[in-house]
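S.K.: Counting the sequence shown from 1 gives a position; the working numbering is that position plus 180.
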Amino acid sequence: MLFSGLELSAQAGEWLHVRGANGSGKTSLLRLLAGLSQPAEGEVQWNGEPIEREAQAYRRDMLFLGHHGAVKEELTGAENLELASELDGAELPQAEALSALRRFGLKGREDLPVRFLSAGQKRRVLLARLVTRKAKLWILDEPFTALDTKAVAMLGSLVTEHIAQGGTAVITSHQAVDIPGGKVVEL
181 MLFSGLELSA QAGEWLHVRG ANGSGKTSLL RLLAGLSQPA EGEVQWNGEP
231 IEREAQAYRR DMLFLGHHGA VKEELTGAEN LELASELDGA ELPQAEALSA
281 LRRFGLKGRE DLPVRFLSAG QKRRVLLARL VTRKAKLWIL DEPFTALDTK
331 AVAMLGSLVT EHIAQGGTAV ITSHQAVDIP GGKVVEL
């Protein structure tokens, strides 16, 4: 068992920084929070209800970005964003997808298949979903991986903006995270 007796909460306008050594269960915890795994005991709640009870509403309110980039290598960044939106049941106009990619510093690379991008640029394509998907809860597993200093600052600002607008975030990171107001959860 990775952990037991774990109880944590985050309200609108708050974020949690989940920390711990490799193998301590950070990703497993995020998978539980995202509803991708089931807890052996207890439950995960959203708005005071178990997430299974209102699964569609929870999935609509939540965006999970895993440690490994879930992008299709043969598609462009814009096509990846459009596909992800379609899978979420929403339509994403191409202009909005291009704007999100440009915000993440990918201007001039919007039409390249993702396989031609660096690891950091692929990560930026994935993180552009934060702009295009209007989720209340962000669950981000090691979002700063492979990002340069400028992109780390940009992501920190985006999370700060999300929190200031009443959003909630749960983030794992081995790096120090310079985002005000977070609560640390040590595993």
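Think of the CB as a built atom: it goes at the ideal place given N, C-alpha and C, for glycine as much as any other residue.
Can you name the residues that DSSP bridges to residue 230?
M.R.: Mapped onto the sequence shown, residue 230 falls at position 50. In the DSSP output, where bridge partners are listed per residue, residue 230 has 225.
S.K.: Identify every run of the beta strand (DSSP E) within the region 229-265, keeping only runs that are complete inside it and at least 3 residues long; order them along the chain.
M.R.: Counting whole runs of 3 or more residues, the region 229-265 contains the beta strand (DSSP E) stretches 242-245.
S.K.: I need the straight-line Cα distance from residue 211 to residue 217, nearest angstrom please.
M.R.: Working through the sequence shown from its first residue, we reach residue 211 at position 31. Working through the sequence shown from its first residue, we reach residue 217 at position 37. Cα-Cα distance, rounded: 6 Å.
S.K.: Just list the residues that DSSP pairs residue 198 with in beta bridges.
M.R.: By one-based count along the sequence shown, residue 198 stands at place 18. In DSSP, residue 198 forms a bridge with 352, 365.
S.K.: Quick check on residue 229: buried or exposed, where buried means 16 or more other Cβ atoms within 10 Å of its Cβ?
M.R.: Residue numbering aside, residue 229 sits at position 49 when the sequence shown is read from its first letter. Classification of residue 229: exposed, given that the 10 Å Cβ count is below 16.
S.K.: What first and last residue would you give for the alpha helix (DSSP H) that runs through residue 281?
M.R.: Position 101 of the sequence shown, counted from the first residue, corresponds to residue 281. Element bounds for residue 281: 274-283.
S.K.: Given residue 261, which residues of its chain have a CB within under 8 Å of its CB, disregarding the five upstream and five downstream residues?
M.R.: Counting from 1 along the sequence shown, the entry for residue 261 is found at position 81. Same-chain partners within the cutoff: 272, 277, 280, 281, 305, 308, 309, 312.
S.K.: Rounded to whole angstroms, what's the CA-CA distance from residue 267 to residue 325? Just pull it up for me.
M.R.: On the sequence shown, residue 267 is found 87 positions in, with the first residue counted as 1. On the sequence shown, residue 325 is found 145 positions in, with the first residue counted as 1. Roughly 25 Å separates the two Cα atoms.
S.K.: Could you tell me which uninterrupted beta strand (DSSP E) segments, each at least 3 residues in length, are contained entirely in the region 305-337, listed from first to last along the chain?
M.R.: Those beta strand (DSSP E) runs which fall completely within the region 305-337 and span 3+ residues are 317-321.
S.K.: Using CA coordinates, which residue listed in 336, 190, 233, 274 is at the minimum distance from residue 317?
M.R.: Your numbering for residue 317 matches position 137 in the sequence shown. When only C-alpha atoms are compared, the closest one is 190.
S.K.: On the DSSP letters alone, give me the boundaries of the alpha helix (DSSP H) that residue 206 sits inside.
M.R.: Counting from 1 along the sequence shown, the entry for residue 206 is found at position 26. Where residue 206 is concerned, the enclosing alpha helix (DSSP H) stretches over 206-213.
S.K.: Based on Cα-Cα distance, which residue from 337, 259, 275, 197 lies nearest to residue 302?
M.R.: Here residue 302 refers to the residue found at position 122 when the sequence shown is read from its first residue. Per the Cα distances, 259.
S.K.: If you compare alpha carbons, which of 329, 205, 194, 201 is closest to residue 186?
M.R.: Numbered from 1 along the sequence shown, position 6 holds the residue referred to as residue 186. The option with the nearest alpha carbon to residue 186 is 205.
S.K.: Given this structure, state the Cα-to-Cα distance separating residue 349 from residue 198, to the nearest angstrom.
M.R.: Reading the sequence shown from its first residue, position 169 is the one you call residue 349. Reading the sequence shown from its first residue, position 18 is the one you call residue 198. Their backbone Cα atoms lie some 11 Å apart in a straight line.
S.K.: Can you say whether residue 342 is buried or exposed, counting buried as having 16 or more other CB atoms within 10 angstroms of its CB?
M.R.: Residue numbering aside, residue 342 sits at position 162 when the sequence shown is read from its first letter. Classification of residue 342: buried, given that the 10 Å Cβ count is 16 or more.
S.K.: Using the rule of at least 16 other Cβ atoms within 10 Å of the residue's Cβ for burial, across every protein chain shown, is residue 257 buried or exposed?
M.R.: Your numbering for residue 257 matches position 77 in the sequence shown. It counts as buried.
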